[in-house]
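> Here the protein sequences line up with chains A, B and C, keeping their order.
Residue numbering for the first sequence is 1 to 238, as defined by my numbering.
Residue numbering for the second sequence is 1 to 257, as defined by my numbering.
Residue numbering for the third sequence is 1 to 303, as defined by my numbering.
Glycine is no exception: its CB is placed at the ideal position from the N, C-alpha and C atoms.
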Amino acid sequence: MEIDREDGRTPNQLRPLACSRNILHRPHGSASWSQGDTKVLAAVYGPKPGTRKNENPEKACFEVIWKPKSGQIGKAEKEFEMILKRTIQSICVLTVNPNTTTSVIVQVVHDDGSLLPCAINAACAALVDAGIPMKHLAVAICCCLAGNGYVVLDPNKLEEKKMTAFAYLVFPNTTLSVLPEVEGEPVEHGIITSVTHGVMSVDDYFLCVENGRAATASLSAFFRKHFQQSQGPSSKAG
Amino acid sequence: MAAKQRDAATTYSPRIIARTRPPIFKDSDLDWTRPDGRGFHQCRPALLQTGAVSSASGSAYAEFGNTKVIVSVFGPRESKKATSYSDVGRLNCNVSYTTFASPTLGSQGTDHKEYASMLHKALEGVIMMETFPKTTVDVFALVLESGGSDLPVVISCAGLALADAGIMMYDLITAVSVSCIGKRLMIDPVTEEEGCEDGSFMMTCMPSRSEITQLTITGEWTTPNINEAMQLCMDASSKLGDIMRDCLKQAASASDE
Amino acid sequence: MGLPDSCQDLSTEMEVDAFRRLFPLRFFERHLSESLRPDGRPLGKARDTNVNLGLVSSADGSALAKIGSTTMLAAIRMEVMTPSTDSPDEGCIAVEFHMPPICSPTVRPGRPADEAPVISKRLSDVISSCDMIDLKELCLVSGKAAWMGYLDIYCLDADGALFDAALLSAVAAFSNLQIPVVALNDNGRIVAINGDGEQENNASITEKEAVNKEKRKLTLKNIPFSLTCILHKKYILADPTAEEESIMDTLVTVVLDSSDQIVNFNKSGGSALVGSSAIKSCVELARKRGKELKQILGDMDID
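1) Residues of chain A with CB closer than 9 Å to the CB of C171 of chain C, please, in chain order.
2) Nearest CA to the CA of M72 of chain C: which residue from C:P240, C:C103, C:C92 and C:M78?
3) Going along chain B, which residues have a C-beta under 7 Å from L73 of chain C?
4) Would a C-beta distance cut-off of 9 Å place C123 of chain A and A42 of chain A closer than the cut-off?
5) For D86 of chain C, tell me which candidate among C:K144, C:C130, C:A75 and C:I230 has the shortest Cα-Cα distance.
6) Which residues mark the beginning and the end of the beta strand (DSSP E) in which K75 of chain A is found?
7) Excluding the 5 residues flanking E63 of chain A on each side, which residues of the same chain have their C-beta closer than 8 Å to its C-beta?
8) I'd like to check one pair, C143 of chain A with F166 of chain A: are the Cβ atoms closer than 9 Å?
9) Are the region 68-81 of chain B and the region 142-153 of chain B in contact at 8 Å, needing three or more beta carbon pairs?
10) Quick one: which unbroken alpha helix (DSSP H) runs of 4-plus residues sit fully inside the region 145-187 of chain B? Chain order, please.
11) Buried or exposed for T49 of chain C, going by 16 or more other Cβ atoms inside 10 Å?
12) G195 of chain B lies in the beta strand (DSSP E); which residues open and close that run?
13) Taking buried to mean at least 16 other C-beta atoms within 10 Å of its own C-beta, is A286 of chain C buried or exposed?
14) Using a Cβ-Cβ cut-off of less than 8 Å, give me the residues of the region 141-163 of chain C that come near chain B, in sequence order.
15) Can you have a look at E207 of chain C and say buried or exposed, based on whether 16 or more other CB atoms are within 10 angstroms of its CB?
16) Suppose contacts are defined by Cβ-Cβ distances below 9 Å. Is N54 of chain A in contact with T106 of chain C by that definition?
17) Check for me: the alpha helix (DSSP H) holding V118 of chain C runs from which residue to which?
18) Is there a Cβ of chain C sitting closer than 9 Å to that of E79 of chain A, yes or no?
19) Could you tell me if V341 of chain B is buried or exposed, where buried requires 16 or more neighbouring beta carbons within 10 angstroms of its beta carbon?
20) So, using beta-carbon positions, are V151 of chain A and R5 of chain A closer together than 9 Å?
21) Taking Y12 of chain B as part of the beta strand (DSSP E), name the residues at either end of that continuous run.
22) Within 10 angstroms of the Cβ of L142 of chain B, are there 16 or more other Cβ atoms? Answer buried if so, exposed if not.
23) In or out: S84 of chain B buried (at least 16 other Cβ within 10 Å) or exposed?
24) From which residue to which residue does the beta strand (DSSP E) around L218 of chain C run?
25) Please decide whether G241 of chain B counts as near chain C, where near means a Cβ-Cβ distance under 9 Å.
26) Classify K121 of chain C: buried if its beta carbon has 16 or more other beta carbons within 10 angstroms, exposed otherwise.
27) For the pair the region 217-231 of chain B and the region 162-175 of chain B, tell me if three or more CB-CB distances fall below 8 Å.
28) If I measure Cβ to Cβ from F40 of chain B and keep anything under 8 Å in the same chain, skipping five residues before and after, which residues do I get?
29) Going along chain B in order, which residues have a C-beta closer than 8 Å to the C-beta of P224 of chain C?
30) Nearest chain C C-beta to I70 of chain B closer than 9 Å, yes or no?
31) Would the beta-carbon of R47 of chain C fall within 9 Å of that of D60 of chain C?
32) With a Cβ-Cβ cutoff of 9 Å, do V209 of chain A and I279 of chain C count as a contact?
33) Round the Cβ separation of M262 of chain B and T216 of chain B to the nearest angstrom and send it over; I've been treating them as touching at under 8 Å.
34) In chain B, what lies closer than 9 Å to S128 of chain C by C-beta?
35) Could you pull the start and end residues of the alpha helix (DSSP H) that R26 of chain C belongs to?
36) Starting from N227 of chain B, follow the beta strand (DSSP E) in both directions and report where the run begins and ends.
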C-alpha cells in the first residue's frame, strides 16, 4: 500500500508551501510562490488601456509572458503561456474593465517539478495583490500516477521523470459561503484546467481528480490564511 | 563521432539530388522528348477549383501536373499597416512554400519574397483598386508541392481566387511561362526543364482584352524566339482563361441550386 | 446593446443572419434548446470526415484529412541522422504544425498564430506518449544511422477542432508512410537505392545489400484518436466549428488510444467547470468517435 518517496513524504503530502506578496516595486502586483524547491515569481501590470489585435475589446484581455530560468522560450513554454492565460481568463471578472489589457509575467526561479501548477498559484496570488477583480481563486496541483496505480501529489523533478503519467489539475478554491451546486456537485469540484501527459485509464484519471481535489482544500486554506495575515500589516504598501 | 548531442544531430536525405544536366537534353539530339511525354507546345492538364478554403472571402486550388497551389483571398478588410489615408485600395501578397514542397528545397518551408512581389505586380494592374478605398485585399498563396512553373500557377490561381471573392477586376488574369533550351521552346516547363533552361519567359495577361500586365524575360533569347514565345503564351492564356471561366460558371451554377 | 431583453423583441422582425451576427450566443442557445445545431447536427455528432492518402508525391508519406471544412495536410519526409549515444538504436520523429496565412483570416504573414506551437507540442506529446511508433523500428545501423521522420502538418482551412483533424492526418500519414530502401555506401553515408537518381551513384552501392529490405512500413501499435467538445451550460457539443469555438469558450479535448485509455485530457480554462459527469460524457463521446474514425481509416486501407 505504501509507496516510498525519496524525500520521505506520504503520497498525498505536499511540499512545504511559501508565498510572499508585494515583493517588487514597479509592477502593480507581484508574488513569489514556492513548493519545495520549485519557485516562481509572478508580476502583474495593468489593467492598461486597449486590447491587442484579435482580442475582444468588449472584455478585459490578459497576456501572459513566460520567462524561463535560462535560454529561449520554446514550444513547451508557449503551451504554458496559453494554459495560464486561459486559466486566468476563466477566474477573473472580464466585464469590469472592458478594453484593457493586463500583463502577467511569470519568471521561473527554480524548477524542481510541478512547475506549471506552481506558476498558476503564483499568478493567482499576484493577481490578488494587484487587485484585479476575480470571481474566485484557482488552486493548481500536479498529480502523478506511479506505475503501481498509486497517485502521488506534488512531485519533484526526479519523481516526475519516473512516473508513467501525470495530470496538472486546477480547481476553484473551496469557499466558505454556500454556493449553488452544479449537477449535484459542489462548485469547487469542477475542473478549471486539466493537462495530462502519458497514458492512463479513465479510472486512474478519476483517481487523480479525486486526490487532487482533496489536496486543494489544504492549498485553499493556505491561500486564505496567507491573505488574511498579510492584509493587516502589509496594507501600508497600498 | 561518439559524443554527439541530440540537438546537434544533423540529418540528410538519402536521395541523391542530381545537379548536373540530364543527358537527354542535347542540342544535337533532335528526337528527345519532354520528361512527362508532352508535346513542346502542350501545357500540362490543369485542374482548377474554387472555394477551397471556407473561412476566406474567396479561394482557389490549382493543380498543374505536380504543381499544387492554394490561394486564399481575404478582404477587402481593414488595413493593418496603413499609415495614411488612401482613396484607392491596397493589395497585400504573400507566397509561401510547404517544407515538403520539393525534395531539393530542403526542410525550410519559407516565405518567397521575390514571388510575393512578382505576384503583387502581376495583380495590381488587373484589380480595380478604386472600388475598395481605405481597405486592403490580402492574397495569400501556399505552394503545397512544387513541380515547375510555380509562379505562373500561383498567379493564375490568385486570379481565380480574386474572382471567387468577388473583387472587381478588368478581366481574369492568367500567367504562362515558356522555357528555352537550345533552339527549342517549351511551354509550361516542369522542374527538371527549368533546371537546365537557357532562358525563361513568363507572361501574365488578361486573355479577353489581350493586354499584358507583366512580362519577365531572363537568359538568352533571340527576337524571333521572343515573338514565338509570346504567341505561344497568348494562345495558352486564352485557353486557360476559358477553363477558368468554366470553373467559375460551374461554381456559380452549383451555388444557385 | 446586447441586453437580453432587447433582442427578444427584435428577434421577431430581424432576419436570421442579422440575428446570428448580433446575438450569436442567443442564436446558438435557441438552437441548443431544440437539441440541434445551426448546421443541422445533433449535439453529439461530429461532422463528415474523410481522409485521402498519398497526395504529396515529394514526401514519403502523406495524408489529407477533412473534418467538415477543417482541412489538414500532413506529410512525412524521412532523413538519416546519427542517433544519440544514450539511445543508439532509436530513430526520432519531429512534429511541426503550421498555420499558414491562407487558413484563416486571423493569421497574418510574418506573425505565426499563437495556437500553432501549442498544437505542435500537444501532437508530439500524444504521438510519443501513446507508443504509436516503436522508435526502434526507425533504426538503420545501430549507433551509426537511424531515421529522422519529419512530420509537417499544414492547416489548409481552419474551421474548428484543429487538434482532432491534425492528429487524424498525422496518424493517416504514418499509415501511408513508405520507407525508402537504402544501403550504406563506402563513405558511411546512407543512400537510396531505387527511385530517382540511381544512375548517378557510384557503382559501389548497387552491389551493396539494402539495409532495410523488409522494414518498409511502420507498425502502428496504438492509434490515438481525439475529440474536442464544447461545454456550455448543460450541453456538450462534439466537434465544434470555428464559429462555435469563438462563441462558447470552454473546450475539452480527449485523446483515447486503441484500448480506450486516456492519452490526453485537455481543458484550459473557459467559463464552465467540468464535473465528474461531464468528464464521463466527454470520454464516452470520444470513445464513440474513436470507433468511427477507426472505421474511416480501416475502409481506406482496403482501397
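Put simply:
1) The question names Cys, yet the displayed sequence has Val at residue 171 of chain C. Per Cβ cutoff of 9 Å: no residues; V171 of chain C is ~16 Å from chain A at best.
2) Of the candidates C:P240, C:C103, C:C92 and C:M78, C:C103 places its Cα closest to the Cα of M72 of chain C.
3) What L73 of chain C touches in chain B: L144.
4) Residue 123 of chain A is actually Ala in this sequence, not Cys. Their beta carbons are under 9 Å apart, which means A123 of chain A touches A42 of chain A by this criterion.
5) Ranked by Cα distance from D86 of chain C, the first of C:K144, C:C130, C:A75 and C:I230 is C:K144.
6) Premise fails: K75 of chain A lies in the alpha helix (DSSP H), K75 to I91, not in any beta strand (DSSP E).
7) R52, K85, T101, T102, S103 and V104
8) yes
9) Yes, since at least three Cβ pairs between the region 68-81 of chain B and the region 142-153 of chain B fall closer than 8 Å, the two stretches touch.
10) The region 145-187 of chain B contains these whole alpha helix (DSSP H) runs: 150-165.
11) buried
12) Segment T191 to G195 is the alpha helix (DSSP H) holding G195 of chain B; no beta strand (DSSP E) there.
13) buried
14) So the close ones are M148, Y150, D152, Y154, L156, D157, A158 and D159.
15) The predicted position of E207 of chain C is uncertain, since its pLDDT is 48 and thus under 50; a value taken from the coordinates is nonetheless stated next. When all chains shown are included, E207 of chain C counts as exposed.
16) yes
17) E115 to S129
18) Yes, contact with chain C.
19) Nothing can be reported for residue 341 of chain B: it is not among the residues displayed for chain B, which extend from 1 to 257.
20) No Cβ-Cβ contact shorter than 9 Å links V151 of chain A with R5 of chain A.
21) Element bounds for Y12 of chain B: n/a, residue is neither H nor E.
22) buried
23) exposed
24) No beta strand (DSSP E) holds L218 of chain C; DSSP gives it neither H nor E.
25) So, not an interface residue.
26) Counting Cβ neighbours within 10 Å, K121 of chain C comes out buried, since at least 16 surround it.
27) no
28) In its chain, beyond the 5 residues on either side, R34, R184, L185, M186 and I187 have a beta carbon closer than 8 Å to the beta carbon of F40 of chain B.
29) Chain B residues near P224 of chain C: none, gap ~23 Å exceeds 8 Å.
30) yes
31) No, the Cβ-Cβ distance between R47 of chain C and D60 of chain C is not below 9 Å.
32) yes
33) With chain B running from 1 to 257 in the structure shown, residue 262 of chain B is simply not present.
34) Going along chain B, no residue has its Cβ under 9 Å from S128 of chain C, so there is no contact; the nearest lies around 14 Å.
35) P24 to L32
36) Element bounds for N227 of chain B: not the beta strand (DSSP E) but the alpha helix (DSSP H), T223 to D256.
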